[in-house]
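K.L.:
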Amino acid sequence: MSSTAFNRLRGLFSKSPSPIITTIKANRAAEIRAPISSKDKKTLSLVKKFKETTDNPRFRRYHHYYEATVLRLAREQHFSAIRDILEHQKKYPDIMDQKFAVRLICLYGKAKMADDAQKLFDELPSLNCERTVVSFNALLGACVNSKNFNKVTELFKELPEKLSIEPDIVSYNTVVKALCDVGSVDSASVVMNEMESSNIQPDVVTFNTLLDAFYKNNRIEEAEKLWCLMEKKNVLANVRTYNSRLRGLVADNRVSDAAELIEEMGKKGVKPDNYSFNALMKGFVDVGNLEEAKVWYKKMMRNGCGPDRATFGMLIPFACDKDDFDYAFELCNDAVKAKQSVYNSVVQRVADGLVERSKNNEAQKLMKMAKLK
DNA sequence: CTAGGGTTAG
Numbered sequence: 001m002s003s004t005a006f007n008r009l010r011g012l013f014s015k016s017p018s019p020i021i022t023t024i025k026a027n028r029a030a031e032i033r034a035p036i037s038s039k040d041k042k043t044l045s046l047v048k049k050f051k052e053t054t055d056n057p058r059f060r061r062y063h064h065y066y067e068a069t070v071l072r073l074a075r076e077q078h079f080s081a082i083r084d085i086l087e088h089q090k091k092y093p094d095i096m097d098q099k100f101a102v103r104l105i106c107l108y109g110k111a112k113m114a115d116d117a118q119k120l121f122d123e124l125p126s127l128n129c130e131r132t133v134v135s136f137n138a139l140l141g142a143c144v145n146s147k148n149f150n151k152v153t154e155l156f157k158e159l160p161e162k163l164s165i166e167p168d169i170v171s172y173n174t175v176v177k178a179l180c181d182v183g184s185v186d187s188a189s190v191v192m193n194e195m196e197s198s199n200i201q202p203d204v205v206t207f208n209t210l211l212d213a214f215y216k217n218n219r220i221e222e223a224e225k226l227w228c229l230m231e232k233k234n235v236l237a238n239v240r241t242y243n244s245r246l247r248g249l250v251a252d253n254r255v256s257d258a259a260e261l262i263e264e265m266g267k268k269g270v271k272p273d274n275y276s277f278n279a280l281m282k283g284f285v286d287v288g289n290l291e292e293a294k295v296w297y298k299k300m301m302r303n304g305c306g307p308d309r310a311t312f313g314m315l316i317p318f319a320c321d322k323d324d325f326d327y328a329f330e331l332c333n334d335a336v337k338a339k340q341s342v343y344n345s346v347v348q349r350v351a352d353g354l355v356e357r358s359k360n361n362e363a364q365k366l367m368k369m370a371k372l373k
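Residue numbers for the first sequence follow UniProt numbering, so the first one is 1 and each next one is one higher.
#1: Report the rounded CA-to-CA distance for residue 353 versus residue 172, giving the unit in angstroms.
#2: By DSSP, does residue 123 sit in helix, in strand, or in coil?
#3: Along the chain, where does the alpha helix (DSSP H) containing residue 177 start, and where does it finish?
#4: Would you check if the distance between the CB atom of residue 276 and the CB atom of residue 236 is smaller than 7 Å?
#5: If you measure between the beta carbons of residue 104 and residue 118, is that distance less than 7 Å?
#6: Could you compute how far the alpha carbon of residue 42 sits from the alpha carbon of residue 113?
#7: Identify which residue in 312, 68, 63 and 71 has its Cα closest to the Cα of residue 389.
#8: Touching or not, the segment 224-232 and the segment 193-200, by the rule of three or more beta carbon pairs under 8 Å?
#9: When burial is assigned at 16 or more other CB atoms within 10 Å of the CB, is residue 376 buried or exposed?
#10: What's the gap between the Cα of residue 204 and the Cα of residue 93?
#11: Look at the alpha carbon of residue 116 and the alpha carbon of residue 148, and state the distance between them as a whole number of angstroms.
#12: Would you identify the three-state DSSP class for residue 3, choosing helix, strand or coil?
#13: In whole angstroms, what separates the C-alpha of residue 369 from that of residue 297?
#14: The alpha helix (DSSP H) that contains residue 85, what's its start and end?
#15: Quick one: give me the first and last residue of the alpha helix (DSSP H) that residue 272 is part of.
#16: Taking C-alpha atoms, which residue in 182, 313 and 134 lies nearest to residue 160?
#17: For residue 213, I'd like the list of residues in its chain whose CB is within less than 7 Å of its CB, leaving aside the five on either flank, ordered along the chain.
#18: List the endpoints of the continuous alpha helix (DSSP H) containing residue 187.
#19: Please work out which residues of its chain come closer than 6 Å, Cβ to Cβ, to residue 47, disregarding the five sequence neighbours upstream and downstream, and give them in chain order.
#20: Near residue 146, which residues of its chain fall below 7 Å by C-beta distance, leaving aside the five closest residues on each side in sequence?
#21: DSSP state of residue 237, grouped into three classes?
#22: Within the same chain, show all residues whose beta-carbon is closer than 6 Å to that of residue 263, passing over the 5 residues directly before and after it, in chain order.
#23: If you run the structure through DSSP and keep just helix, strand and coil, what is residue 200?
#24: Can you give, in chain order, each stretch of the beta strand (DSSP E) that sits fully within the UniProt repeat "PPR" (273-307) and has at least 3 residues?
#25: Considering only residues of the same chain and omitting the five flanking positions on each side of residue 182, which have a CB-CB separation below 6 Å?
#26: By Cβ distance below 8 Å, which residues in the same chain neighbour residue 334 in space, the five residues on each side in sequence not counted?
#27: Just verifying my parser: in three-state terms, what is the DSSP assignment at residue 252?
#28: Restricting to Cα atoms, I'd like to know which of 233, 74, 279 and 229 is closest to residue 239.
#29: Between 339, 337, 330 and 340, which has its C-alpha nearest residue 411's C-alpha?
#30: For my contact list, residue 217 and residue 244 are in at a C-beta cut-off of 8 Å; report their separation, rounded to the angstrom.
#31: In its own chain, which residues sit with a C-beta less than 7 Å from the C-beta of residue 151, not counting the 5 before and 5 after it?
#32: Just to confirm, is the Cβ distance from residue 250 to residue 271 under 7 Å?
#33: Report all residues from its chain with a CB closer than 7 Å to the CB of residue 295; omit the five preceding and five following residues, and keep chain order.
#34: When the distance is taken between beta carbons, is residue 60 closer than 7 Å to residue 54?
#35: Mark residue 362 as exposed unless 16 or more other C-beta atoms lie within 10 angstroms of its C-beta, in which case mark it buried.
#36: What are the start and end residues of the alpha helix (DSSP H) that includes residue 66?
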């Protein structure tokens, strides 16, 4: 509503015999003029509370609070609110500590706000904060998280010379990751080769990034070659390296090879984790083998790897597909015990299946559990 | 959020 219309309204209402009604109507008109939804109000109070909280130095060390707030605001697309609370941080003396500044740059990255990350990076000297390869790497990482991949290669080309920053292994690994993410796995391999001419040896992170990209693109042969190169360079495979390979084998329909690889990991002193077992169980799900999936689920438990959201999200619907609602129910119980959330639709499907099979007691128990969460 | 991680691979 235009302000003229508003004035006209006010003029009308001022002749109203009841002043109380006048006030209410005027307020409503003001609301129409500048609508503030209850969601916006919530955001405003969240921002206010965050600033007040971080005004206390003690709370500036609560990384999780920062991250949770930024991620929440990002999810709601309140980017100006994120800018608001992170800009506010520049008021504190902590900003002179590069560690603190790096955290803020990374937070911009998590909110996919690469330009703001760069703005802060550019301002560091004027904020009396030292700027080294670490904040440079944080900026690169923020661009990767923002999926602004061109910016990564651009900055990597320009900044080191301009700012006399020597790129290190983390810088190179971040560029490798950016190239893999954009689908240029070959260029990423080239960068790995180039590192060596800068006297920086590829490490396990470099290999893991590239291996994962090769396996994801079903370039199994090249991945195997890379694995050999890694061994030749005496870079020790860790659990993530093996997990990439497990996923690759499973994608290549080589489930039994994958199972063997898990056993081999144990022998090599690399303890399989959730991702390892999930990768293998996915193989058995893909070929419709519930019995083997059950066997490995048990092994997973025995190895002290708590099943996670991915495990339950995969196995419960699979058990339903196989009409094994008792097992699906058992898994739901485990999920509650493990404090892992399961989609309501999945729980509903299990409950419906139980009812169809006249297992009303179980169905009721299940619904009760679901409601508790 | 409520302990605490300066940057990279889920």
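Ideal placement from N, C-alpha and C gives every residue a C-beta, glycine not left out.
P.N.:
With the given structure in hand:
#1: The residue labelled residue 353 in the question sits at position 353 within the first sequence. The residue labelled residue 172 in the question sits at position 172 within the first sequence. Looking at the two C-alpha atoms, the distance is approximately 52 Å.
#2: Against the first sequence, residue 123 aligns to sequence position 123. Correct three-state label for residue 123: helix.
#3: The residue labelled residue 177 in the question sits at position 177 within the first sequence. Start and end: 169-181.
#4: Taking the first residue of the first sequence as position 1, residue 276 is located at position 276. Taking the first residue of the first sequence as position 1, residue 236 is located at position 236. In this structure, residue 236 does not lie closer than 7 Å to residue 276 by Cβ.
#5: Translated into positions along the first sequence, residue 104 becomes position 104. Translated into positions along the first sequence, residue 118 becomes position 118. Contact: no.
#6: In the first sequence, counting from the first residue as 1, residue 42 sits at position 42. In the first sequence, counting from the first residue as 1, residue 113 sits at position 113. For residue 42 and residue 113, the distance between alpha carbons rounds to 22 Å.
#7: The chain is shown only over 1 to 373; residue 389 falls outside these bounds and no answer can be derived.
#8: no
#9: For the chain, the structure presents residues 1 to 373; residue 376 sits outside this window and is missing.
#10: As a working mapping, residue 204 is identified with position 204 in the first sequence. As a working mapping, residue 93 is identified with position 93 in the first sequence. Whole-angstrom Cα-Cα distance: 37 Å.
#11: Against the first sequence, residue 116 aligns to sequence position 116. Against the first sequence, residue 148 aligns to sequence position 148. Whole-angstrom Cα-Cα distance: 12 Å.
#12: As a working note, residue 3 is residue 3 in the first sequence. Confidence in residue 3 is poor, its pLDDT being 39 and thus under 50, which makes the residue's placement too unreliable to answer from.
#13: Translated into the one-based positions of the first sequence, residue 369 becomes position 369. Translated into the one-based positions of the first sequence, residue 297 becomes position 297. Near 22 Å, if we compare the C-alpha coordinates of residue 297 and residue 369.
#14: Position 85 of the first sequence, counting from 1, holds the residue named residue 85. That run of the alpha helix (DSSP H) goes 79-88.
#15: Taking the first sequence and counting its residues from 1, the one referred to as residue 272 is at position 272. Taken as a continuous stretch (DSSP letters only), residue 272 belongs to no alpha helix (DSSP H), as it is neither H nor E.
#16: As a working mapping, residue 160 is identified with position 160 in the first sequence. Distances from the alpha-carbon of residue 160 to those of 182, 313 and 134 put 134 closest.
#17: Against the first sequence, residue 213 aligns to sequence position 213. Its chain contains 180, 185 and 188 as the residues whose beta carbon lies nearer than 7 Å to that of residue 213, once the 5 sequence neighbours on both sides are disregarded; these appear in chain order.
#18: To locate residue 187, count along the first sequence from 1; it is residue 187. That run of the alpha helix (DSSP H) goes 185-197.
#19: Stepping through the first sequence from its first residue, residue 47 is reached at position 47. Take residue 47, set aside five residues on each side of it, and the residues of its chain with a beta-carbon closer than 6 Å to its own are 81, 84 and 85, in chain order.
#20: What you label residue 146 is simply residue 146 of the first sequence in a count that begins at 1. Around residue 146: 109, 112, 113 and 114.
#21: Here residue 237 refers to the residue found at position 237 of the first sequence. Three-state DSSP puts residue 237 in coil, outside helix and strand.
#22: The count along the first sequence starts at 1 and reaches residue 263 at position 263. If we look at residue 263 and ignore the five residues flanking it on each side, it has no Cβ neighbours.
#23: What you label residue 200 is simply residue 200 of the first sequence in a count that begins at 1. In the structure shown, residue 200 sits in coil (DSSP, three-state: anything other than H, G, I, E or B).
#24: Segments of the beta strand (DSSP E) lying fully in the UniProt repeat "PPR" (273-307): there are none.
#25: Against the first sequence, residue 182 aligns to sequence position 182. Once the five neighbours on either side are set aside, the close Cβ partners of residue 182 are 149.
#26: Numbered from 1 along the first sequence, position 334 holds the residue referred to as residue 334. Result list for residue 334: 307 and 312, in chain order.
#27: If you number the first sequence from 1, residue 252 lands on position 252. In this structure, DSSP gives residue 252 a state outside helix and strand, which the three-state scheme calls coil.
#28: Here residue 239 refers to the residue found at position 239 of the first sequence. Nearest in C-alpha terms to residue 239, of all of 233, 74, 279 and 229, is 279.
#29: Past the boundaries of the shown model lies residue 411; the chain is included only from 1 to 373, so the question cannot be answered.
#30: For the purposes of this step, residue 217 is taken as residue 217 along the first sequence, with counting starting at 1. For the purposes of this step, residue 244 is taken as residue 244 along the first sequence, with counting starting at 1. Between residue 244 and residue 217 the Cβ distance is about 12 Å, and since that is not below 8 Å, they are no contact.
#31: Walking along the first sequence from the start, residue 151 turns up at place 151. The answer, listed in chain order, is 114 and 143.
#32: Walking along the first sequence from the start, residue 250 turns up at place 250. Walking along the first sequence from the start, residue 271 turns up at place 271. Taking 7 Å as the Cβ cut-off, residue 250 and residue 271 do not qualify as a contacting pair.
#33: Working through the first sequence from its first residue, we reach residue 295 at position 295. Excluding sequence neighbours, residue 295 sits near nothing in its chain.
#34: The count along the first sequence starts at 1 and reaches residue 54 at position 54. The count along the first sequence starts at 1 and reaches residue 60 at position 60. Yes. Within cutoff.
#35: Locating residue 362 in the first sequence gives position 362, where the first residue counts as 1. Residue 362 should be labelled buried.
#36: Numbered from its first residue, the first sequence carries residue 66 at position 66. Where residue 66 is concerned, the enclosing alpha helix (DSSP H) stretches over 63-75.
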